[in-house]
Ligand SMILES: *Cc1c(COP(=O)(O)O)cnc(C)c1O
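Numbering (the working numbering), first residue to last: 1288 to 1544.
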């Protein structure tokens, strides 16, 4: 049995600490904390925790697996709470329709084929037959230059002359264009995960440069989703507008089995 009072107090204290860290990181670089959205990542934790968080003022929650997120979103809606769901994990194309039903913002679009699947899913009528608002999307950028762990790949030479070197399905330019050209999607910006085993500072610095270049061409691409429990201060320093924080709020997750 969960001690309701103790769990609520624990979440409230953790949230206050994270909000304090965000405010401090913003102050350190002269940013307004109002520019940074805290997305609380609730993966592996039950819908009851989402309800507690909503009650504590959390408006944005993140999930990385559709199998877990879809029933959780339904349970939270059935309980009468309203939060914005962010889909932040690697997404298979056959899950696009499910995710489009509950997600407000998909952070992890990293291939042209996935962009097309989401375009199709988001273009379908809602269950009540009405047209849906465009699905907001971020293109996930690979910061280690390889598509393997998720993320579209930046062509560092920046030239079309190197076409053929990178897979056009996962080349950042092509993924951005596929999202931007879709009526049922709205390109809102970029997302990235710091590479494992590398100092995240230089990686977030590269990301900031890519984000600036992308924003010049796509003015709606103002969102930069970067930073997790251990590195969000650095991400804020490099311009993150959305930080995705799980364990610092909910507690350490059991290791993936
Ligand atoms: C789990 C997860 C997070 C949150 O990680 P914590 O270290 O628990 O804060 C952020 N982003 C993605 C993509 C995740 O999968």
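C-beta: ideal position from N, C-alpha, C; glycine also. On a predicted model such as this, the values are computed, not experimentally measured, just so you know.
* Check each candidate in 1531, 1514, 1328 and 1462 and name the one with the smallest Cα separation from residue 1399. => Taking the chain shown and counting its residues from 1, the one referred to as residue 1399 is at position 112. The shortest C-alpha separation from residue 1399 is found at 1462.
* Exercise answer, beta-carbon shell around ligand 1 heavy atoms below 7 Å -> Cβ-based neighbours of ligand 1 within the cut-off: 1328, 1330, 1349, 1351, 1375, 1376, 1480, 1515, 1516, 1517, 1531, 1532, 1533, 1534, 1535 and 1540.
* Which residues in the same chain as residue 1522 place their Cβ atom closer than 7 Å to its Cβ, once the five residues preceding and following it in sequence are excluded? -> As a first step, residue 1522 must be located in the chain shown, where it is residue number 235. Apart from the 5 residues on each side of it in sequence, residue 1522 sits with its Cβ closer than 7 Å to the Cβ of 1491, 1513, 1514 and 1530 in its chain, given in chain order.
* Asked: So, are the CB atoms of residue 1479 and residue 1405 less than 8 Å apart?
  -> As a first step, residue 1479 is located in the chain shown; it is residue number 192 there, counting from the start. As a first step, residue 1405 is located in the chain shown; it is residue number 118 there, counting from the start. For the pair residue 1479 and residue 1405, the CB atoms are not nearer than the 8 Å cut-off.
* Asked: Is the region 1306 to 1324 touching the region 1489 to 1507 in the sense that three or more CB pairs, one from each, lie closer than 8 Å?
  -> Cβ pair count under 8 Å is below three, so no.
* Asked: For the region 1312 to 1327 against the region 1356 to 1368, are there 3 or more C-beta pairs whose distance is under 8 Å?
  -> Judged by Cβ distances under 8 Å, the region 1312 to 1327 makes no contact with the region 1356 to 1368, as fewer than three pairs qualify.
* **Residue range of the beta strand (DSSP E) that includes residue 1350** => Locating residue 1350 in the chain shown gives position 63, counting from the first residue. That run of the beta strand (DSSP E) goes 1347 to 1350.
* **Which of helix, strand or coil DSSP assigns to residue 1318** => As a working mapping, residue 1318 is identified with position 31 in the chain shown. In this structure, residue 1318 counts as coil in the three-state DSSP scheme.
* DSSP three-state call for residue 1400: helix, strand or coil? -> The sequence position of residue 1400 within the chain shown is 113, counting from 1. The three-state secondary structure of residue 1400, taken from DSSP, is helix.
* **Helix, strand or coil at residue 1439 according to DSSP, with G and I counted as helix** => The count along the chain shown starts at 1 and reaches residue 1439 at position 152. Residue 1439 falls in the strand class under three-state DSSP.
* For residue 1340, which of helix, strand or coil comes out of DSSP? -> Here residue 1340 is taken as the residue at index 53 of the chain shown, counted from 1. Here residue 1340 sits in helix by DSSP.
* Asked: What are the partner residues of residue 1483, as DSSP defines its beta bridges?
  -> Counted from its first residue, the chain shown places residue 1483 at position 196. According to DSSP, which records beta bridges pairwise, residue 1483 is partnered with nothing at all.
* Asked: Any idea if residue 1432 is buried or exposed, counting beta-carbon neighbours within 10 angstroms, 16 or more meaning buried?
  -> If you number the chain shown from 1, residue 1432 lands on position 145. Exposed, since its Cβ has fewer than 16 Cβ neighbours within 10 Å.
* Below 7 Å CB to CB, which residues in the same chain sit around residue 1441 once its five sequence neighbours on both sides are set aside? => In the chain shown, counting from the first residue as 1, residue 1441 sits at position 154. Cβ neighbours of residue 1441 beyond the five flanking positions: 1428, 1459 and 1497.
* Asked: Leaving out five residues before and five after residue 1410 in sequence, what residues of the same chain have Cβ atoms less than 6 Å from its Cβ?
  -> Position 123 of the chain shown, counted from the start, is the residue given in the question as residue 1410. Closer than 6 Å at Cβ, skipping near neighbours: 1471.
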